[in-house]
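Counting from 8, one number per residue, gives the positions in the sequence shown under the working numbering.
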Amino acid sequence: MCGYCYECIILHVVETGHRGTKGYRFSYLQESEDIKTEIQQLEDPNNPEPLIDLAFCRLYDHYFAHGFDVELFDTLQDRFGQEAIQAYLNRRQASSSEILKAELSDINLLSDEACWNQFITDKERIFKNALDLLNFYHDWWLLGIGKEKSEPLQRMEQTGIMDPIDNTTLAEWNRFDALYPAISFALSFIIHHHGNSEIIQKIALTNLEDVPDMWGKDLWLQRRAMIACVQRDGLSFIMNNLNQIRYELIYYILLKIDTSSADLKKLKEAILTEDEHPMRGMMESEHIIELMNKFVDQPA
Numbered sequence: 008m009c010g011y012c013y014e015c016i017i018l019h020v021v022e023t024g025h026r027g028t029k030g031y032r033f034s035y036l037q038e039s040e041d042i043k044t045e046i047q048q049l050e051d052p053n054n055p056e057p058l059i060d061l062a063f064c065r066l067y068d069h070y071f072a073h074g075f076d077v078e079l080f081d082t083l084q085d086r087f088g089q090e091a092i093q094a095y096l097n098r099r100q101a102s103s104s105e106i107l108k109a110e111l112s113d114i115n116l117l118s119d120e121a122c123w124n125q126f127i128t129d130k131e132r133i134f135k136n137a138l139d140l141l142n143f144y145h146d147w148w149l150l151g152i153g154k155e156k157s158e159p160l161q162r163m164e165q166t167g168i169m170d171p172i173d174n175t176t177l178a179e180w181n182r183f184d185a186l187y188p189a190i191s192f193a194l195s196f197i198i199h200h201h202g203n204s205e206i207i208q209k210i211a212l213t214n215l216e217d218v219p220d221m222w223g224k225d226l227w228l229q230r231r232a233m234i235a236c237v238q239r240d241g242l243s244f245i246m247n248n249l250n251q252i253r254y255e256l257i258y259y260i261l262l263k264i265d266t267s268s269a270d271l272k273k274l275k276e277a278i279l280t281e282d283e284h285p286m287r288g289m290m291e292s293e294h295i296i297e298l299m300n301k302f303v304d305q306p307a
């Protein structure tokens, strides 16, 4: 299963509220509006290991959006345990990138309100570091500039799996996994404190050059950026950039954001008048139209 397949599972979860097996836990942690309850409900939270990275991403996003919340941190600590949290902090400290390393490896930011308040007052420095990291992520991971690639036989030797599509080296996957919490941290800060920054739109509109992460962590970053753009500009953002946006993202936005019937009709007309949508994915235009019709037909 690839990240695009898992994104379809996430769309199903968002649309239906379906609760499935353990494999669905990434979708719940990514999309739940009540992150505290979601963490409390996690079964076997330290397996697989990346769940704690995602939980910390949601925690920092919550702090940037709503302010310091030690109860949320305590919930995370109680559920994952101090050993897993310390291992997470050690991984952040071992990151090859110095950008935001100190912040992400300092537990006091999350457990001590005075430390958090002191940190958040230095917004200019945080913004510069966050912007530098997101621009690097955009060029390196999304566009593939300077990214190491591998041949199928080389991947077979490294992983034991013959995958003709995934051309990202194991070293680059490990680098992405190590940087991912910092990238998410940076995106959360800029969305909540510099919502007009061009980098948000660039991440929203730039589709991956290569295969996405298995759990769709990079696609989640794109969905978050897309929501921020639509919340800022309305559905006109989608209509003005329609030829750059995957249908899955449009479907997701329609599920997550309240829209007027008038705007839905305009978007429907824009989609129907397309000769051919250039961003081919797992979803067709008929799925979007059907969803919009359902919303328009709903009683007020």
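Each residue gets a CB set at the ideal place from its N, CA and C atoms; glycine is no exception.
Element boundaries [alpha helix (DSSP H), containing D217]: What you label residue 217 is simply residue 210 of the sequence shown in a count that begins at 1. In the DSSP annotation of this structure, D217 is not part of any alpha helix (DSSP H), being labelled neither H nor E.
Which class does K154 belong to by DSSP, given the choice of helix, strand or coil? The count along the sequence shown starts at 1 and reaches residue 154 at position 147. Three-state result, K154: coil.
When you compare only the Cα positions, how much space is there between E22 and L79? For the purposes of this step, residue 22 is taken as the residue at position 15 of the sequence shown. For the purposes of this step, residue 79 is taken as the residue at position 72 of the sequence shown. Straight-line measurement puts the Cα of L79 at about 26 Å from the Cα of E22.
For T175, the three-state DSSP class (helix, strand or coil): The residue given as residue 175 occupies position 168 in the sequence shown. The three-state reading of DSSP puts T175 in strand, counting E and B together.
Using only the heavy atoms of the ligand SAM, determine whether one of them is closer than 7 Å to the beta carbon of I296. In the structure shown, the ligand SAM is absent, as is every other ligand, since no ligand is present at all.
Which of helix, strand or coil does DSSP assign to H145? Within the sequence shown, the letter at position 138 stands for residue 145. DSSP places H145 in helix when its eight states are reduced to three.
Using beta-carbon positions only, say whether Y254 and M299 come within less than 8 Å of one another. Reading the sequence shown from its first residue, position 247 is the one you call residue 254. Reading the sequence shown from its first residue, position 292 is the one you call residue 299. Cβ distance not < 8 Å, so Y254 and M299 don't count as in contact.
Compare the C-beta of F87 against all C-beta atoms of chain C and say whether one is closer than 8 Å. No chain C appears in this structure, which consists of one protein chain only.
Beta-carbon within less than 6 Å of N115's beta-carbon, same chain only, minus the 5 sequence neighbours each way: which residues are those? Start at 1 with the first residue of the sequence shown, and residue 115 comes out as number 108. Hits under 6 Å: C122.
Cα separation between C12 and D225? On the sequence shown, residue 12 is found 5 positions in, with the first residue counted as 1. On the sequence shown, residue 225 is found 218 positions in, with the first residue counted as 1. Approximately 13 Å, taken between the alpha carbons.
If we ignore side chains and look at the alpha-carbon of each, how far apart do N214 and M286 end up? For the purposes of this step, residue 214 is taken as the residue at position 207 of the sequence shown. For the purposes of this step, residue 286 is taken as the residue at position 279 of the sequence shown. One C-alpha to the other measures close to 9 Å.
From this set, Q238, L141, K135 and R26, which residue's C-alpha is nearest A189's C-alpha? Your numbering for residue 189 matches position 182 in the sequence shown. L141 is the residue among Q238, L141, K135 and R26 whose C-alpha sits nearest the C-alpha of A189.
To the nearest angstrom, how far is the alpha carbon of L58 from that of H73? Taking the first residue of the sequence shown as position 1, residue 58 is located at position 51. Taking the first residue of the sequence shown as position 1, residue 73 is located at position 66. Rounded to whole angstroms, L58 to H73 spans 22 Å at the Cα level.
Can you tell me whether P171 is buried or exposed? The criterion is at least 16 other CB atoms within 10 Å of its CB, across all chains shown. Within the sequence shown, numbered from 1, the residue matching residue 171 stands at position 164. In this prediction, P171 scores a pLDDT of 48, lower than 50, which makes its location untrustworthy; the coordinate-derived value is nonetheless stated afterwards. P171 is exposed by the Cβ-count criterion.
Cα-Cα separation, E38 to W222: In the sequence shown, the residue the question calls residue 38 occupies position 31. In the sequence shown, the residue the question calls residue 222 occupies position 215. Going from the Cα of E38 to the Cα of W222 covers about 13 Å.
What did DSSP end up calling N300 once you bin it into helix, strand or coil? Within the sequence shown, the letter at position 293 stands for residue 300. DSSP places N300 in helix when its eight states are reduced to three.
List in chain order: all unbroken alpha helix (DSSP H) runs of 4+ residues lying wholly within the stretch 110 to 139. Taking 4 residues as the shortest admissible run, the stretch 110 to 139 contains the following complete alpha helix (DSSP H) segments, listed from N- to C-terminal end: 115 to 118 and 120 to 127.
Within the chosen definition, does the stretch 64 to 72 reach the stretch 186 to 204 through at least 3 CB pairs nearer than 8 Å? Three or more beta-carbon pairs drawn from the stretch 64 to 72 and the stretch 186 to 204 are found closer than 8 Å, and the two stretches are therefore classed as touching.
Which residue comes first and which comes last in the alpha helix (DSSP H) that contains L228? As a first step, residue 228 must be located in the sequence shown, where it is residue number 221. Unbroken alpha helix (DSSP H) run through L228: K224 to D240.
Can you tell me where the alpha helix (DSSP H) holding Q81 begins and where it ends? Translated into the one-based positions of the sequence shown, residue 81 becomes position 74. Reading the sequence as shown, one finds Asp at residue 81 and not Gln. Start and end: V77 to F87.
To the nearest angstrom, how far is the alpha carbon of K108 from that of R98? Residue 108 sits at position 101 when you count from the first residue of the sequence shown. Residue 98 sits at position 91 when you count from the first residue of the sequence shown. When only Cα atoms are considered, K108 and R98 end up about 10 Å apart.
So, for Q238: in the same chain, excluding its five sequence neighbours on each side, which residues have a beta-carbon less than 7 Å away from its beta-carbon? Taking the first residue of the sequence shown as position 1, residue 238 is located at position 231. In its chain, beyond the 5 residues on either side, I264 have a beta carbon closer than 7 Å to the beta carbon of Q238.
Just how far apart, CA to CA, sit D173 and V218? Translated into the one-based positions of the sequence shown, residue 173 becomes position 166. Translated into the one-based positions of the sequence shown, residue 218 becomes position 211. For D173 and V218, the distance between alpha carbons rounds to 6 Å.
Spatial neighbours of E155 within its chain, please: C-beta separation below 6 Å, excluding the five flanking residues on both sides. By one-based count along the sequence shown, residue 155 stands at place 148. For E155, where only same-chain residues beyond five positions count, the Cβ hits under 6 Å are T176 and E179.
In terms of alpha-carbon separation, which member of W148, E205 and F192 lies closest to R182? Start at 1 with the first residue of the sequence shown, and residue 182 comes out as number 175. Out of W148, E205 and F192, the CA that lies nearest to the CA of R182 is found in W148.
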